[in-house]
Ligand code: PAD
Ligand code: ZN
Ligand code: ZN
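In the UniProt record's numbering, the protein residues as written are 2 to 375.
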């Protein structure tokens, strides 16, 4: 057994922005108290990882990215009682400590133990278990899954159904849950309502799945890449529009299509200008806008506050408002029991070593989700 020993394995190390990931041999130290070492089996490529590669998000380097994954427990540290070697798990990019003010609030899914606000890149004890070429390698948002083995805090991992296909349910670790939850939990889309979704990547398409399940009557899909429209329709979009086809603001077009504005608008790109467009496209009495996309570090959104005085609601969430440790196992059960399906989001599967190709497919708009298999 490898328990208690340092594991040497392959990982995709990010030495800095604007350069390819480098497959390196790294050392992964054993888990300390309340930590879990996981053998990653499958991991998806999400735009949030690419935001680090493009330089849009400020993190510490070198770092091991990746946060949408599924794997198997290799060993556990002292004090971990609810997990054992061999358990199937999904790492959680928002932990759920269960004890903090956010965790105790039934309406919040955030946790003060998160690493999403500051990207410190360390575990709860302020260190990491990764080294490469003698250097400390940082963690990414409590997870780091672009590696054969990772170590996470036990508050940042959920045990899942033993029959779950890991190369599919890895998407429950981010893209699917974030989009689906944004519709059903954060917005609480009502039957018969109208929705607009800006950005038709893996997350935006999952918003569409959620809007459809919630019974929305009109689901308008917006993207500058019309290649995305076929999938959007497959998942439930009733109309697809490309802002480039119009010479006036897209919110005006949407207002005409929806008797004055949509009931629910979702920004799933990470563009602060589009966030304002989303807000403007929501109905002036009670229309709700949900920010899902991750804007670049230090970006700001500006808008006329009069937009809010008529009763619009602006909100946002990480991870679709899902309380991670509670909702991930339930969502996996729903997948195993065929109550939900999102297989159509996975357009490409590649061996882990071809990770840079996975990012190229995302950047040139050819993929929805690429799943990397180890
Ligand atoms: P993606 O790159 O697969 O999809 C984005 C889509 O937006 C693409 O289809 C683009 O063509 C489209 N697009 C880009 N610019 C425009 C524009 N100006 N107008 C219309 N469409 C445009 O990304 P994704 O689906 O993996 O992620 C989407 C965003 O959500 C991204 O910012 C990511 O960082 C964020 C995210 N947030 C969370 C969360 O917890 N809030 C989780 C996961 C991802
Ligand atoms: Zn993600
Ligand atoms: Zn907490």
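Just so you know, even glycine gets a beta-carbon here, dropped at the ideal spot from N, CA and C.
Check, Outcome
"heavy atom of ligand 1 below 6 Å from residue 362 C-beta", "no"
"According to DSSP, residues forming a beta bridge with residue 154", "36"
"Residue from 19, 150, 353 whose Cα sits closest to the Cα of residue 9", "150"
"Endpoints, alpha helix (DSSP H) assigned at residue 195", "Element bounds for residue 195: not the alpha helix (DSSP H) but the beta strand (DSSP E), 195–199."
"Burial state of residue 115 (16 or more Cβ within 10 Å)", "buried"
"Residue 367 versus residue 162: straight-line alpha-carbon distance, rounded", "32 Å"
"Residue 316: first and last residue of the uninterrupted beta strand (DSSP E) it sits in", "314–317"
"Per-residue burial, residue 26 [other beta carbons within 10 Å of its own, 16 or more giving buried]", "exposed"
"Paired residues, beta bridge with residue 11 - DSSP", "26"
"Among 273, 289, 87, nearest to residue 301 - alpha-carbon criterion", "273"
"Those residues which DSSP pairs with residue 45 across a bridge", "372"
"Any non-hydrogen atom of ligand 1 closer than 6 Å to residue 255 Cβ", "no"
"Cβ pair count under 8 Å reaching 3, the stretch 214–226 against the stretch 185–205", "yes"
"Same chain only: Cβ atoms within 6 Å of residue 222, ignoring 5 sequence neighbours per side", "198, 201, 233, 238, 241"
"Segment contact, 8 Å Cβ cut-off, at least three pairs: the stretch 75–87 with the stretch 33–42", "yes"
"Residues that DSSP places opposite residue 241 in a beta bridge", "222"
"Cross-strand partners of residue 349 (DSSP beta bridge)", "371"
"Residue 92 in three-state terms, based on DSSP", "strand"
"Meets three-Cβ-pair contact criterion under 8 Å: the stretch 251–265 and the stretch 279–298", "yes"
"Near ligand 3: residue 286 beta-carbon under 6 Å from a heavy atom", "no"
"Buried/exposed call for residue 155, threshold 16 Cβ in 10 Å", "buried"
"Pair within 7 Å by beta-carbon distance, residue 71 and residue 170", "yes"
"Assigned secondary structure, residue 296 (DSSP; H/G/I helix, E/B strand, else coil)", "coil"
"Spatial neighbours of residue 74 in its chain, beta-carbon cut-off 7 Å, leaving aside the 5 residues before and after", "37, 39, 84, 85, 86, 87, 88, 90"
"Reference residue 135; option with closest CA among 268, 166, 107, 30", "30"
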